[in-house]
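Asker: Shown below is the structure under consideration.
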Amino acid sequence: MHLTKGEEKILQGEDGEAAQKAMELLVALGEIYRAEKLIDVASVQVSGVSHATIGDAGLDFLEDLASKGAKARVSATINPAGIDLERWKKLGFKESFARKQLRIVRAYEAMGMLPSYTCTPYLIGNLPRFGEHIAWAESSSVVFANSVLGARTNRESAVSALASALLGKTPYYGLHLEENRKGTFTVEVEAELRSEADYSALGYYVSNYEGVPLFKNISPGAEELKALSAALGVGKINMFQIPGITPESGSEKGEKMEFGRDELREVYEKLNSADEVDAICIGCPHCSAAEILKIEQLKPEREVWAFTARKNKPLIEKRIKNIKVIYDTCMVVSPLRDLGIEAVGVNSAKAAFYCANLSKLRVRFDSLKNLVKS
26 MHLTKGEEKI LQGEDGEAAQ KAMELLVALG EIYRAEKLID VASVQVSGVS HATIGDAGLD
86 FLEDLASKGA KARVSATINP AGIDLERWKK LGFKESFARK QLRIVRAYEA MGMLPSYTCT
146 PYLIGNLPRF GEHIAWAESS SVVFANSVLG ARTNRESAVS ALASALLGKT PYYGLHLEEN
206 RKGTFTVEVE AELRSEADYS ALGYYVSNYE GVPLFKNISP GAEELKALSA ALGVGKINMF
266 QIPGITPESG SEKGEKMEFG RDELREVYEK LNSADEVDAI CIGCPHCSAA EILKIEQLKP
326 EREVWAFTAR KNKPLIEKRI KNIKVIYDTC MVVSPLRDLG IEAVGVNSAK AAFYCANLSK
386 LRVRFDSLKN LVKS
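26 is the number of the first residue of the sequence shown in the working numbering; add one for each residue after it.
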């Protein structure tokens, strides 16, 4: 892999140990994928923020890196933490967990990461332009950025995204290359999709395949595109196309598959394991301010927990009732069992999958409208 003179100096340690380690990682990654060079990136989205997912080993790694003077060189937003960083005690999170989570937060902020704590950076200002190269790790935002925004990113790991943040670079391979962004198979959607949950179910079903799906017969709005992106990211899909909707779309190619009523019903049956739930949790991916106000308009018959970025607080805090807004975290990466929750209602297939498999919760997967009226 070709490196510039400046990159070679970083690799030799002339820019400090932290930058050297980051360069070693990106060079190794580039060699694995046969990248010809490194390229500059406009922004980074770093995952691996909740102590529930990275544990003590991740905490030690981040603190060690911060102690070596590591600093972000480009705009770098970060994923949700494991707690509401201001109200964790009031909400009932354990102090032992919170203390370690706050150390993780301090380490990231010491390295110059922006304190976003959201999985939807594109809703709070980290909005890449069409054709712009970025290095994002959060799976749902990777799919959304590639597909809806037309930016270019591979699905980075937590560590490779962090390295990109420290250097402002990423290896030039995969979805950074034009030839890898073309549709590889076609999905004929025969089922009538009536809700954001139906679009999420579609994404979850197709996430079992690999490549760039081209969807036919669907016209999703902004919320549905966000839901579809998140569910596709559960598997190996990092980009999709919809003719007339996404900025990049071509002609039908490769294998054709159908998604009808039977496939839709199959997803709901697979993801549902509870009728009664302890909490309705909305916000995977994080809710926009408009989505939270929409929940309010539905006049929920029971309390709803809405997870969102703290940046939305001024837009919603005085305008909602019967909704518990929780910032900085989400139902997937927070220890809900510590709050006495064993069953959740969600309208996100991604949340349904991870709540069941990561948090070992029972799940009801349904549309927002059905959940709030149950």
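Glycine residues also receive a C-beta, built at the ideal position from the N, C-alpha and C atoms.
1) Does the Cβ of residue 374 lie closer than 8 angstroms to at least one heavy atom of the ligand GDP?
2) Name the residue from 386, 74, 233 whose alpha carbon lies nearest to the alpha carbon of residue 128.
3) So, is residue 208 buried or exposed, given that buried needs 16 or more other C-beta atoms within 10 angstroms?
4) Check whether the segment 256-273 touches the segment 374-382, counting contact only when three or more Cβ pairs, one atom from each stretch, lie closer than 8 angstroms.
5) With three or more C-beta pairs closer than 8 angstroms as the rule, is the segment 32-50 touching the segment 152-162?
6) At 3 residues or longer, and completely inside the segment 191-224: list those beta strand (DSSP E) runs for me, N to C.
7) Determine the direct distance from the alpha carbon of residue 59 to that of residue 198, and round the result to whole angstroms.
8) For residue 38, is the classification buried or exposed, using 16 other Cβ atoms within 10 angstroms of its Cβ as the cut-off for buried?
9) Under the three-state reduction of DSSP, which class applies to residue 59: helix, strand or coil?
10) At which residues does the beta strand (DSSP E) containing residue 239 begin and terminate?
11) Less than 7 angstroms between C-beta atoms, sequence neighbours within five positions excluded: which residues of the same chain meet that for residue 130?
12) Measuring only the C-alpha atoms, how far is residue 368 from residue 331?
13) So, with DSSP's three-state summary, where would you put residue 232?
14) If I measure Cβ to Cβ from residue 381 and keep anything under 7 angstroms in the same chain, skipping five residues before and after, which residues do I get?
15) By a C-beta neighbour count over all protein chains shown, 10 Å radius and 16 as the cutoff for buried, is residue 246 buried or exposed?
16) Would you list, in sequence order, the uninterrupted beta strand (DSSP E) runs of no fewer than 3 residues that lie entirely inside the segment 321-373?
17) Is the CB-CB distance between residue 211 and residue 169 below 9 angstroms?
18) Below 8 angstroms, how does it come out for the segment 133-149 and the segment 95-104: are there three or more Cβ pairs, yes or no?
19) Would you list the residues sitting across from residue 69 in a DSSP beta bridge?
20) What residues in its chain sit with their C-beta under 7 angstroms from that of residue 243, if we drop five residues either side in the sequence?
21) Go through its chain and collect everything with a Cβ distance to residue 273's Cβ below 7 angstroms, but skip five positions before and after it.
22) Would you mind working out which of 399, 26, 392 sits nearest residue 220, comparing C-alpha positions?
23) Tell me the rounded alpha-carbon separation between residue 271 and residue 296.
24) Which runs of the beta strand (DSSP E) spanning at least 3 residues fall entirely within the segment 256-326, listed in chain order?
25) The beta strand (DSSP E) that contains residue 388, what's its start and end?
26) Specify, as a first and last residue, the run of the alpha helix (DSSP H) that residue 37 falls within.
27) In whole angstroms, give me the CA-to-CA distance for residue 317 and residue 398.
28) DSSP has residue 139 in a bridge; who is on the other side?
29) If residue 222 sits next to residue 284, beta carbons under 8 angstroms apart, how far is it from one beta carbon to the other, in whole angstroms?
30) Going by DSSP in three states, residue 177 sits in which element: helix, strand or coil?
Answerer: If we stick to the structure as given:
1) Summarising the ligand content, the structure contains no ligands, and the ligand GDP is consequently not present.
2) Of the listed residues, the one whose Cα sits closest to residue 128 is 74.
3) That one is buried.
4) Yes, since at least three Cβ pairs between the segment 256-273 and the segment 374-382 fall closer than 8 angstroms, the two stretches touch.
5) Taking 8 angstroms as the limit for Cβ pairs, the verdict is that the segment 32-50 does not touch the segment 152-162.
6) Entirely contained in the segment 191-224, the beta strand (DSSP E) runs reaching 3 residues are, in chain order, 194-196, 210-214.
7) Taking the straight line from one Cα to the other gives about 7 angstroms.
8) Result: exposed.
9) The answer is coil: DSSP assigns residue 59 none of H, G, I, E or B.
10) Annotation for residue 239: the continuous beta strand (DSSP E) segment containing it runs 238-241.
11) Its chain contains 106, 110 as the residues whose beta carbon lies nearer than 7 angstroms to that of residue 130, once the 5 sequence neighbours on both sides are disregarded; these appear in chain order.
12) Residue 368 and residue 331 have their C-alpha atoms spaced approximately 16 angstroms apart.
13) Three-state DSSP puts residue 232 in coil, outside helix and strand.
14) For residue 381, the CB contacts under 7 angstroms within the same chain, skipping 5 residues up- and downstream, are 298, 388 in chain order.
15) Answer is exposed; the Cβ neighbour count stays below 16.
16) Annotation note: the segment 321-373 contains the following uninterrupted beta strand (DSSP E) runs of length 3 or greater, listed N- to C-terminal: 329-333, 348-352, 368-371.
17) Taking 9 angstroms as the Cβ cut-off, residue 211 and residue 169 do not qualify as a contacting pair.
18) Output reads yes: the segment 95-104 touches the segment 133-149.
19) Answer is 101, 160.
20) Within the same chain, residue 243 has close Cβ partners 214, 218, 267.
21) Excluding sequence positions up to five before and after residue 273, its CB lies within less than 7 angstroms of the CB of 175, 206, 266, all in the same chain and listed in chain order.
22) Distances from the CA of residue 220 to each of 399, 26, 392 were compared; the closest alpha carbon is that of 392.
23) Rounded to the nearest angstrom, the two C-alpha atoms are 28 angstroms apart.
24) The segment 256-326 contains these whole beta strand (DSSP E) runs: 281-284, 304-312.
25) Annotation for residue 388: the continuous beta strand (DSSP E) segment containing it runs 387-390.
26) Where residue 37 is concerned, there is no enclosing alpha helix (DSSP H), given that its DSSP letter is neither H nor E.
27) The alpha-carbon atoms of residue 317 and residue 398 are separated by roughly 16 angstroms.
28) Beta-bridge partners of residue 139 (DSSP): 102.
29) Between residue 222 and residue 284 the beta-carbon gap is near 14 angstroms, outside 8 angstroms, which marks them as no contact.
30) Look at residue 177 here: in three-state DSSP terms it is strand.
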